[in-house]
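K.L.:
Residue numbers (the numbering used here): 6 to 270.
1. Round the Cβ separation of residue 191 and residue 225 to the nearest angstrom and send it over; I've been treating them as touching at under 8 Å.
2. If you compare alpha carbons, which of 56, 187 and 196 is closest to residue 214?
3. Using a Cβ-Cβ cut-off of 6 Å (strictly less than) and excluding sequence neighbours within five positions of residue 108, which residues of its own chain qualify?
4. Which stretch, first to last residue, makes up the alpha helix (DSSP H) that contains residue 23?
5. Do residue 119 and residue 141 come within 8 Å of each other at the CB atom, strictly closer than that value?
6. Residue 3 to residue 260, Cα distance in whole Å?
7. Taking residue 21 as the reference, give the member of 179, 216 and 251 with the closest Cα.
8. Name, in chain order, the residues that DSSP records as bridge partners for residue 184.
9. Suppose only complete runs of 3+ residues qualify. What are the beta strand (DSSP E) ranges in the stretch 45-95, listed by chain order?
10. Ignoring anything shorter than 4 residues, give me the alpha helix (DSSP H) runs that lie fully in the stretch 197-234, in order along the chain.
11. So is residue 6 buried or exposed if we call it buried at 16+ other beta carbons inside 10 Å?
12. If residue 74 and residue 63 are in contact, beta carbons under 8 Å, what's the gap, nearest whole angstrom?
13. Determine which residues share a DSSP beta bridge with residue 37 and list them.
14. Considering only their Cβ atoms, is the gap separating residue 43 from residue 182 smaller than 8 Å?
15. Where does residue 12 fall in DSSP's three states?
16. Pairs of beta-carbons, one from the stretch 127-138 and one from the stretch 155-169, closer than 8 Å: are there three or more?
17. Assuming residue 135 contacts residue 79 under a Cβ cut-off of 8 Å, what Cβ separation, rounded to an integer in Å, is found between them?
18. Determine whether the beta carbon atoms of residue 92 and residue 203 lie at a separation below 8 Å.
19. Hey, out of 249, 232, 253 and 250, whose CA is closest to residue 265's CA?
Next comes the structure, spelled out in structure tokens:
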């Protein structure tokens, strides 16, 4: 705290499964101190620092186990935009943020986790299982065997991880620090903001999925069918994590089935 000239506020810390976030002041300016020993969080912090604010929350200080970020003001997320009825604007903003992240080409890239390793548990699901998870696993294996346009990836670029920084615009937080195909970085948005427990269904509605697929493919210049295959694969991996936590992957199942329909129609 003293090294970075930080003062605690009276706001309580925010605890997640892998991190502690402390609201602080630095020279009177609101900031957020994130502390974590988790390897994925640390890779994400390294990537945030490497991006140097290109599409991300401005980084004020950084070391291996801590990162100090400028605090979002007013702090609403793109999930709030969806709740207000403007899914198209929210989807476009994610594409614009992704373009800034993916366009960053500085040297000295940090060590990142390969997408093949990220999908390791899903790739191990046997075809003989014969259910929708096995089909998602088959999509993942096919995509990973033929990678396109590899680059540093956020890895969790969805509505809740893109915040309003006022005059500085919408910016990403909480990357996972991955390296792999660019198209994958858009997959997480297709399960959200529903996975965060928003007040009404959205992501798993067939017409919303189709609308989002067309908008993202067009805005980000992606192959539409390949994007749908990545969505399908991501539904499977996210579902496995839910099952490990003893939760039912209802949204992932619905979106996976809708994605399969889009692949054949």
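Ideal Cβ placement from N, Cα and C applies to all residues, glycine included. This structure is a prediction, so every number in the text was calculated from the model and none was measured.
P.N.:
Result, derived from the coordinates:
1. Taking the chain shown and counting its residues from 1, the one referred to as residue 191 is at position 186. Taking the chain shown and counting its residues from 1, the one referred to as residue 225 is at position 220. Right, the Cβ-Cβ distance comes to about 6 Å (below 8 Å), so this counts as a contact.
2. Here residue 214 refers to the residue found at position 209 of the chain shown. Per the Cα distances, 196.
3. Position 103 of the chain shown, counted from the start, is the residue given in the question as residue 108. Closer than 6 Å at Cβ, skipping near neighbours: no residue.
4. Position 18 of the chain shown, counted from the start, is the residue given in the question as residue 23. Run containing residue 23: none; DSSP gives neither H nor E here.
5. Your numbering for residue 141 matches position 136 in the chain shown. Your numbering for residue 119 matches position 114 in the chain shown. For residue 141 and residue 119, no; Cβs fall outside 8 Å.
6. In the structure displayed, the chain extends from 6 to 270; residue 3 sits before or after that span and is not available.
7. By 1-based counting over the chain shown, the position of residue 21 is 16. Closest by alpha carbon: 179.
8. On the chain shown, position 179 is the one that residue 184 refers to. Residue 184 is bridged to 119 and 157.
9. 64-68 and 71-75
10. 211-224
11. Position 1 of the chain shown, counted from the first residue, corresponds to residue 6. Its Cβ having fewer than 16 others within 10 Å, residue 6 is exposed.
12. Within the chain shown, numbered from 1, the residue matching residue 74 stands at position 69. Within the chain shown, numbered from 1, the residue matching residue 63 stands at position 58. With a Cβ gap of about 7 Å, residue 74 and residue 63 count as contacting.
13. Within the chain shown, numbered from 1, the residue matching residue 37 stands at position 32. In DSSP, residue 37 forms a bridge with 28 and 74.
14. To locate residue 182, count along the chain shown from 1; it is residue 177. To locate residue 43, count along the chain shown from 1; it is residue 38. Cβ atoms of residue 182 and residue 43: not closer than 8 Å.
15. Taking the first residue of the chain shown as position 1, residue 12 is located at position 7. It is a strand residue.
16. no
17. Along the chain shown, read from residue 1 onward, the residue named residue 135 stands at position 130. Along the chain shown, read from residue 1 onward, the residue named residue 79 stands at position 74. No, residue 135 and residue 79 are not in contact; Cβ-Cβ is about 49 Å, not under 8 Å.
18. Taking the chain shown and counting its residues from 1, the one referred to as residue 92 is at position 87. Taking the chain shown and counting its residues from 1, the one referred to as residue 203 is at position 198. No; because the gap between Cβ atoms is not below 8 Å, this pair is not in contact.
19. One-based indexing of the chain shown puts residue 265 at position 260. The candidate whose alpha carbon is nearest that of residue 265 is 232.
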